[in-house]
Structures are given as structure tokens and as C-alpha cells.
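Trainee:
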Amino acid sequence: MQFLHLFTFRHRVLFATLLGSIGVAVVIVMSIDVARDMRLLDSASSDNVQYALSQTEVEYLEYELLLARAVHETAPDLKRLRQRFDIFYSRANTLQDAPTYARVRELPYFSAILPNIRSFLESQAQIIDSPDPVLQAAIPKLAETAAEFRSSIRLLSNSGLQYFAQDSDQHRLNVAITLTRMAAVVTFLVAALLVLVFYLVYLNAQNIRRRREVDQTSNRMKIVTGTALDAVVVCDLNGRILDFNAAAEQIFGHSAKTAIGADLGELIVPDKYRAAHDAGMARMRAHGEKHVTGKGRVKLEAKRATGELFPVEFAIQAAQTDEGEIFIAFLRDISHRVQAEQDLVAARDRALSGEKAKTDFLATMSHEIRTPLNGLLGNLALLRDTRLSAKQTRYIDNMDTSGKLLMSHISDVLDITKYDAGKLRLRPVAMNISALLQDIVDNQSGAASANNTVLEWGWRGEPADWIRADQDRIQHVLMNIIGNAVKFTHDGRVSLEIEMHSDQQSTAVMQITVRDTGIGMDAELQAQIFDDFMTGDSSYIRTVGGTGLGLGIAKRFVTALGGTIEVQSEKGTGSQFRIRLPVELIAAPESVVKERKQPTDAAPCHILLVEDNEINRFVAREMLTAAGHKVSEAHNGQIAVDMAQTQHFDLILMDISMPVKDGRKATREIRAGHGASARTPIVALTANAMAEEQEAFLLDGMNDILTKPLTREGLNEAIVNHVAARPDTPDTPMPATEPETKSHIATRYLDDLRETLGVEALDGLLARFMREVDETIGYLDDYTDQPLAEIAKKTHQIAGSAASLGAVELRGKLLAIETAAKAADMARLALEIDALPAIWTRTRETMQAERRAAPRD
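Here the numbering used here is used: the first residue of the sequence shown is 1075, the next is one more, and so on.
#1: Using the beta-carbon count (16 or more within 10 Å), is residue 1603 buried or exposed?
#2: Counting only the same chain and skipping the five closest in sequence on each side, list residues whose C-beta sits under 7 Å from that of residue 1888.
#3: Quick check on residue 1801: buried or exposed, where buried means 16 or more other Cβ atoms within 10 Å of its Cβ?
#4: When you compare the stretch 1702-1717 with the stretch 1775-1782, are there three or more beta-carbon pairs, one atom per stretch, that lie closer than 8 Å?
#5: On the DSSP letters alone, give me the boundaries of the alpha helix (DSSP H) that residue 1214 sits inside.
#6: Could you check what DSSP says for residue 1663 in three-state terms: helix, strand or coil?
#7: Would you tell me roughly how many angstroms separate the C-alpha atoms of residue 1133 and residue 1139, rounded to the nearest one?
#8: Distance, Cα to Cα, residue 1170 vs residue 1269?
#9: Quick check on DSSP: helix, strand or coil for residue 1522?
#10: Counting only the same chain and skipping the five closest in sequence on each side, list residues whose C-beta sits under 7 Å from that of residue 1844.
#11: Do residue 1655 and residue 1626 count as a contact pair if the criterion is CB distance below 8 Å?
#12: Measure the C-alpha to C-alpha separation of residue 1893 and residue 1723 and round it to an integer number of angstroms.
#13: Name the two residues that bound the continuous beta strand (DSSP E) containing residue 1047.
#14: Check whether the Cβ atoms of residue 1538 and residue 1659 sit closer than 8 Å, and answer yes or no.
#15: Give me whichever residues DSSP pairs with residue 1401 in a beta bridge.
#16: Go ahead and label residue 1196 buried or exposed: buried means 16 or more other beta carbons lie within 10 angstroms of its beta carbon, across all protein chains shown.
#17: Does the separation of the CB atoms of residue 1726 and residue 1794 fall below 8 Å?
#18: Flag this pair as touching only if the stretch 1095-1105 and the stretch 1196-1209 have three or more C-beta atom pairs under 8 Å; answer yes or no.
#19: Of the residues 1640, 1325, 1298, which one's Cα is nearest the Cα of residue 1600?
#20: According to DSSP, residue 1726 sits in a beta bridge with which residue or residues?
#21: Within its chain, find whatever has a CB closer than 6 Å to the CB of residue 1152; leave out the 5 residues flanking it on each side and keep chain order.
#22: Can you tell me whether DSSP reads residue 1143 as helix, strand or coil?
#23: Less than 8 Å separating the beta-carbons of residue 1661 and residue 1540?
#24: Who are the near neighbours of residue 1851 in its chain, counting only those whose CB is closer than 8 Å to its CB and skipping five residues on each side?
#25: Using only the alpha-carbon positions, how far apart do residue 1699 and residue 1786 sit?
#26: Between which residues of its own chain and residue 1933 is the CB-CB distance below 6 Å, once the five residues before and five after are set aside?
#27: Return helix, strand or coil for residue 1162, following the three-state DSSP convention.
#28: Considering only the alpha carbon of each residue, which of 1334, 1423, 1310, 1443 lies closest to residue 1396?
#29: To the nearest angstrom, report how far apart residue 1366 and residue 1346 are at their CA atoms.
#30: Quick one: grab the DSSP three-state call for residue 1648.
#31: Could you give the C-beta distance for residue 1042 and residue 1305, rounded to a whole number, given that I count them as a contact under 8 Å?
#32: Could you spell out the range, first to last residue, of the alpha helix (DSSP H) harbouring residue 1719?
#33: Leaving out five residues before and five after residue 1201 in sequence, what residues of the same chain have Cβ atoms less than 8 Å from its Cβ?
#34: Kindly indicate which three-state DSSP category residue 1915 falls into: helix, strand or coil?
#35: Go ahead and pull the three-state DSSP assignment for residue 1089.
#36: Please name the residue in 1510, 1407, 1899, 1283 whose C-alpha comes closest to that of residue 1863.
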């Protein structure tokens, strides 16, 4: 009976009804068959037909007997003879024409004899109907013919009787079969009825059990909803509340007695949502549209009995009942959660604000510390030009060393801040790791010699000089590790060992091991050595100094590079630092480096110095005037904008942080105007060491950046690059005299930018420039669909950037495209655009090669 579980109750009833109907129909059909067969076995009809067949032969025999008597009689009874012949004649006609004998006439023997009988009767009838004398004379002949034909009459009678006997037997057999079938069907129906009775008993037991389960479930649901912490509200399609649990009473402040039967909208929906609620209920009643029902959790406001509005989270589901569709709403008071979320957001905002304030503070402090350092170191530089004694010179050297050390500490703090704020950007470049290690060893060899320590390095395994990695970060890490090893090792040895572990052709793990025979560390110090402000053994603090930030920064840089750094040490024996970094192995690039020429002294020119700090202004002015330049001064950006509008300057030195108007805004206004100095080169003077902001300065329209503290060399180089060798073009300034210029790019200018901005900032600037050029070339692929004014605008913007980066050939082609677009010369435009990709390919290759860490020597 398990298959019955697949059907619903309705399906089961329909199935049982169908089976019963089929059984009744079969019984009725069989009853009809039995009745028909019984009618066919009706004895009266069958006996009459058989009697008639037998009587035909009897009548014929009586006719033949009369003929035999008439042969011997002298006065035969001719009337009676004719009467007997007529009776037989009538019988024969009945056999031939009556419908009762139709099936008999289909028998082969019967149908074959009937024509013979018909011929016999016709021939006899002529004699029988003749006058008496003729008939009497023909009696012997008739008797003889009748005697001969007797066998045919017997065969006719016997064949008919045999047929009806067989037919009766068949009907009796059919009745027996029908009765047997009916008995089987009745037996089956009785069995089916028994099964149905058992099934009904089973269903009844199931219904009782299910009703009991439903009652239990209903009781459990009442308990669950009654004890639930969430409100459960049930209403009908008209919004009339049908159920209101205990949690709903507590949350909304209405008793269940008051709520049940009340309108849901009036009870808990806030007034400002009533119109939308009523419209939604009307829409559901009219069209069945459900915008909230079955859509999951929804956050909204609800109303308490006191009229107070509070946030709720609810979900609504619909269900069909005998009384119609109902809606079950599960509501949760989320006032505390919303308040917690608001508190969390506020805490996050405070944390972000604090982090931003920390970053801003460090950037500001960098500027504020670098500004007096600029004055200090600048005045020291000026003081060197005066007559000094040997002792005074030594004091100035010590002051200069202290100032540079302070600058290094500021840089360390900024590096930590950028890493912790997630703003540390890596700049992979093609680099020679062997050359870098040699430079570091050469740099530290003096300190090693002072400590009577041997400093050496070498390869383990096959050398792989050229890699692609972040040279600045690697150099910083190695300088810290090797510098510490040299500082803490006296009368000993510091060795560097480098090896490459490569499973693939282009990728490898570079391992650098630094071993020393210095003082070593105990286990406690090893566990904390990479923490900030850890300075090592106290016995050496006064001797070697240090802030304790070096290894913390090294750890951060190694992690940012995707590598690991480990330390093994034994106190009194020495230490070993092992650094593993993923790198990309590359082939040695083609030599694009030529010997750099030292910048010559710039010719005298008129310079606008924009600086709010009096000391910095004094230092810069003294350096510039000492070099023979004319200097005009502006104390803030607004004054600089006004002066640039009316006067022409050969160069503008622009401070960034100033009152009234800062240097960035002043630069944008100078570039946007049409004043006398709108196209004058502008060089930023900033103590801000953040590479991201330095890149933004260039995007504002500045041509170069000088980082404070200022030096004579830096100022002279800026003047040489932007004034003394400036081309006379209507666009952005570019160095015309390139000691190191390829046919398509001025590499010397990139060297100057590298020295000025640093490797990271220049690499980011080049990456952004290359991305913008790629986007512009993609834009020009469909130049026929683009407005000519937009083409001119885009190419002009990129040409300005190309000029700032020394991309001579690319800039010329972009200006040619701009000119053709402005002139609406489509043929010329197509020609220039077609030539652009090849020029960009050459320029891009050189720029990729120039994205390296060190300037040319």
C-alpha cells in the first residue's frame, strides 16, 4: 500500500471511484450479453424453426404416400392429392423466402438443394394443376419422380436440423462463458470491495492520526508563537488581524484581545506609511500583486501603542486557508541593533578620521620639520661660502650630518605610516642585483673598516644579475640589515650570500643571507627584533645609536614584497638574517645609458619665488641671487597669480602649503589664464615626501618638483632644465638641448625627473602616462565616429604630458593629430593616426626600460 502514499486524498477517492465505475460497467455489459444469449436460447423460436424443417419432410412423405396409393386406385382422391402438394409447396416457399431461415439458406448443402426443390415443384405443379384425367394419367410418373427426389428432401431437412442443433450448442457455450466471466468479475469486485474496505479503514486510521498530529502541531505552534521573541501577526486579505502573539503584545503595547479583529494599518503602521500600506492591500485584493510578501527581510518603521516609531525587520508570507488567503508577518524590534550599528559606524568613522588625522599630521609634520630643516641646511650651505676656521668647518659638517640624519628619521616614520595605512605602492623595475649589493658593500665598507670588520659578498650557485623587482624597497631592507650587522660587529666578519631558487624560466625566489660574528641576540630579543623602537643590546645603544625603526621597516617592506625575513642568533656568537623574495628573472636590457653630462651653470634669468616662510624665502633668494638671477617674491598663491598675470617670468618656484591660496590652486589658475606667465615653467617646492601627492602636483600643471631642503645643485639643475634650455613652443615647456636624447624620447629629462621625484613617483607617473596613451590610441581607433573637437582636446592633453616626460616624437605626432582635427582635414588626420601606434611602440619600450631605480652615472 505504500504506492498509495504517492497520491493525495483527492486522487485516492478519484481512483477508487474510477475502479468501481469500471467494475459496474463490466457487470452491466456481461449482464446484457447473458440476456442476449438467453433470448437466443428461447425454445419456442428454435423449436418452431426445427419443427418447420421436420414438417417439410413429413408433408413431402404424405404427398409421396398419396401418390403411391393413387397408382393402385382406380378412382384416386385427386383433390386431396392437390391439397397435399399445395401444403408441401407452401412449406418449400417458406424455407426459400422466410427471414427465419436466412441463416439456414447460407449453408452450402441447404442453398444447393433449394433450387432443385424449386425446379421439382415447378414441374410437378404443372401436372398437379392439369385436368383430372391428365393428372390421373400422370400419377405413376409423379410417384416415380417423387420417389427419386425423396433423398434431396431428407438431406435438406437434416442439414437444417443439424445447423440448429450446432447453433443451440454454441449459444449454450456462450452463456456458460459469459456466466463464468461474470462470476470472475463479481469475485474480483467482491475482493476489490474488501480491499477498499480495508483501505478505507486504513485511511480512517491515518486521518485520525493526522488529525491528532495536526492538533499537536497546532498546540506546538501556539506554544512557539506564544513564547517567540519576535512578534507574529496574522491578518486576512482585508487587513483584519486574526492572531497577535505575546511578543507582539510586548513590542507594540497592544493586548491580543484589543488587536485581534482590528485593522492592521491603524494599529501598527506609522501614519506616513498608511497610504502606501492601504494602496498595497487594495492592489493585492484587486490584482494579487505582492511587492513585499515572500521577498525576504525588509527594514522599516512600525508604531507602538504610545505612537512611538521604532525600526523593525520583518518578513511576510502568504498562505491559503478555507476562509481565504491569509498573511503571516514576523516582526523583530531592531532598535538596539540599529543603535549598535550606528555606534559602530561612528566608531569606524572616528577610527578612519583618526587614521587620516594621523596621516595628515605626519604629512604636516614632515612639511613643518622639513621647512626649518630647509632653513637650517640652507643657511649652513650659505655659511660654507664664508671665511671659516677649521673648527667652524667641523661644526658645520656635524650640523649638516645631524640635519641629514633627522631627515632620514622623518623618512622612516613616513614609510611606516604609508605601510600601515595601506598606501605603500611597489614599483618593480629592471635592476642589477649584483650592482646593488656591490654599491651597498662599498657604502658600508668605511664603517666596517672603522670597526676592523671584513665585509664581503658573493653568489652561491649560478649568478642571475638581472631581475625585475622594487629596487628602492630592496635597497632599504638590505641597507638596514647590513648596516646593523656592521654596527654590531667589531673585529669580525660580515658576509652576504645570494642565491636564486627557480622552478620556472621567468620566476624565482631570491634568497639573501647576511651573517655576522657580532654580539648576537638572546631568544627574548629575537622574538621582538622586528618590533618598532627595538634597539638591540643596551651595551651598544650609546655607541651605535639608532631609533629602533630600521628592522620594523625592513619587515614591513619584505612583507609588502611578498617575501619573508627570518633571524637566527646566538648571544656572543653572531646573527644570521635570511631574506626570501619572489622576483622575475629577466635578460640584461639593451644598453640605453650614455654618460651623463654635468649640468652647467644657468644663465641669469628672472625667477618668481612663491614662499610663505621667511627663512625659506631668504635661503632660496640668497642661493638664486648668488647665482646671478633676478628674484621677485610672493608671500602666497594669490599674489603669485596676480604677478604672473601681468609680468613675464622665466621660472616660477612655487611652494605648496601657503595661506590665502595654496600652490596647487595657484598653479591651476596660472595655467588656466592667459597672463604673461601662463606658459612659464613652474617648479614645486615642497617638504611633502608622499609620492602620491607629488604625482598630483604634476597633474596640476607643474613641470618639476624640488624637495626641501633646497640645495644650490637642485636649483641650478631646475633652472638649466626648464629655463636655460627651454624650447620656444606654444605648448608645454620641454628641454631642447638634450645631452642624452634619442630620436623619440629625451632620456636625460627622465633622469632629472627621477632624481627630483624619486623612483616610485616617476614609475607611477610613467605607468599612468602609458595607460592614458593606450586609452587614447584605443579612442582614436574609431576616430571617424568621434567629434573632431574632442579628438583635438584629448590629443592636446596627452601631448602636454608627453612634453613633460620628454616623449619628443610622440608629442610631435599628437600635435599633428590635434592640428588636423582642428582643421577638419580628415585625410591628414587618418594619415597621422595610422602612424601613431608605431611611434608609441618605440616610445613605450624606452619608457619601460627607463622605469628603473637608479639614475645614470
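Cβ coordinates follow ideal geometry from the N, Cα and C atoms, glycine included.
Mentor: Considering the structure as presented:
#1: For the purposes of this step, residue 1603 is identified with residue 529 of the sequence shown, where counting begins at 1. Around the beta carbon of residue 1603, a 10 Å sphere encloses 16 or more other beta carbons of the protein chains shown; the residue is thus reported as buried.
#2: Residue 1888 sits at position 814 when you count from the first residue of the sequence shown. Excluding sequence neighbours, residue 1888 sits near 1869, 1872, 1873, 1876.
#3: Counting from 1 along the sequence shown, the entry for residue 1801 is found at position 727. In this predicted model, residue 1801 has a pLDDT of only 40, less than 50, meaning its place in the structure is not dependable enough to derive any value.
#4: Touching, no.
#5: Here residue 1214 refers to the residue found at position 140 of the sequence shown. Going by DSSP, residue 1214 is part of the alpha helix (DSSP H) stretching over 1206-1301.
#6: Looking up residue 1663 in the sequence shown gives position 589. Three-state DSSP puts residue 1663 in coil, outside helix and strand.
#7: The residue labelled residue 1133 in the question sits at position 59 within the sequence shown. The residue labelled residue 1139 in the question sits at position 65 within the sequence shown. C-alpha separation (whole angstroms): 10 Å.
#8: In the sequence shown, the residue the question calls residue 1170 occupies position 96. In the sequence shown, the residue the question calls residue 1269 occupies position 195. C-alpha separation (whole angstroms): 58 Å.
#9: Position 448 of the sequence shown, counted from the start, is the residue given in the question as residue 1522. The answer is helix: DSSP assigns residue 1522 an H, G or I state.
#10: As a working note, residue 1844 is residue 770 in the sequence shown. These residues qualify, in order along the chain: 1918, 1921.
#11: Walking along the sequence shown from the start, residue 1626 turns up at place 552. Walking along the sequence shown from the start, residue 1655 turns up at place 581. 8 Å or more divides the Cβ of residue 1626 from the Cβ of residue 1655.
#12: Mapped onto the sequence shown, residue 1893 falls at position 819. Mapped onto the sequence shown, residue 1723 falls at position 649. Just so you know, the alpha carbons of residue 1893 and residue 1723 end up roughly 28 Å apart.
#13: Because residue 1047 is not part of the residues shown, which for the chain are 1075 to 1931, the question remains open.
#14: Residue numbering aside, residue 1538 sits at position 464 when the sequence shown is read from its first letter. Residue numbering aside, residue 1659 sits at position 585 when the sequence shown is read from its first letter. Their beta carbons are under 8 Å apart, which means residue 1538 touches residue 1659 by this criterion.
#15: The sequence position of residue 1401 within the sequence shown is 327, counting from 1. Beta-bridge pairing links residue 1401 to 1309, 1392.
#16: Reading the sequence shown from its first residue, position 122 is the one you call residue 1196. In summary, residue 1196 is exposed, with fewer than 16 beta-carbon neighbours lying within 10 Å of its beta-carbon over all protein chains present.
#17: By 1-based counting over the sequence shown, the position of residue 1726 is 652. By 1-based counting over the sequence shown, the position of residue 1794 is 720. Result no, Cβ atoms of residue 1726 and residue 1794 do not sit closer than 8 Å.
#18: No, they do not touch.
#19: Within the sequence shown, residue 1600 is the residue found at index 526, counting from 1. Of the candidates 1640, 1325, 1298, the one whose C-alpha sits nearest the C-alpha of residue 1600 is 1640.
#20: Residue 1726 sits at position 652 when you count from the first residue of the sequence shown. Partner(s): 1682, 1756.
#21: Stepping through the sequence shown from its first residue, residue 1152 is reached at position 78. Within its own chain, the residues whose Cβ lies closer than 6 Å to the Cβ of residue 1152, once the five positions on either side in sequence are excluded, are 1206, 1209, listed in chain order.
#22: Reading the sequence shown from its first residue, position 69 is the one you call residue 1143. In this structure, residue 1143 counts as helix in the three-state DSSP scheme.
#23: Looking up residue 1661 in the sequence shown gives position 587. Looking up residue 1540 in the sequence shown gives position 466. Yes; because the gap between Cβ atoms is below 8 Å, this pair is in contact.
#24: Within the sequence shown, residue 1851 is the residue found at index 777, counting from 1. Around residue 1851: 1910, 1911, 1914.
#25: Your numbering for residue 1699 matches position 625 in the sequence shown. Your numbering for residue 1786 matches position 712 in the sequence shown. Rounded to whole angstroms, residue 1699 to residue 1786 spans 11 Å at the Cα level.
#26: Outside the displayed range of the chain (1075 to 1931) lies residue 1933, so it cannot be described from this structure.
#27: As a first step, residue 1162 is located in the sequence shown; it is residue number 88 there, counting from the start. Correct three-state label for residue 1162: helix.
#28: Working through the sequence shown from its first residue, we reach residue 1396 at position 322. The shortest C-alpha separation from residue 1396 is found at 1310.
#29: Mapped onto the sequence shown, residue 1366 falls at position 292. Mapped onto the sequence shown, residue 1346 falls at position 272. Their Cα atoms are separated by approximately 17 Å.
#30: On the sequence shown, position 574 is the one that residue 1648 refers to. Strand at residue 1648.
#31: Beyond the ends of the chain as shown, which are 1075 and 1931, falls residue 1042; an answer cannot be given.
#32: Within the sequence shown, the letter at position 645 stands for residue 1719. From DSSP, the alpha helix (DSSP H) with residue 1719 extends over 1711-1720.
#33: Counting from 1 along the sequence shown, the entry for residue 1201 is found at position 127. For residue 1201, where only same-chain residues beyond five positions count, the Cβ hits under 8 Å are 1208, 1209, 1212, 1215, 1216.
#34: Within the sequence shown, the letter at position 841 stands for residue 1915. DSSP places residue 1915 in helix when its eight states are reduced to three.
#35: Here residue 1089 refers to the residue found at position 15 of the sequence shown. Looking at residue 1089 - three-state DSSP - the assignment turns out to be helix.
#36: Counted from its first residue, the sequence shown places residue 1863 at position 789. For residue 1863, the closest C-alpha among the options 1510, 1407, 1899, 1283 is that of 1899.
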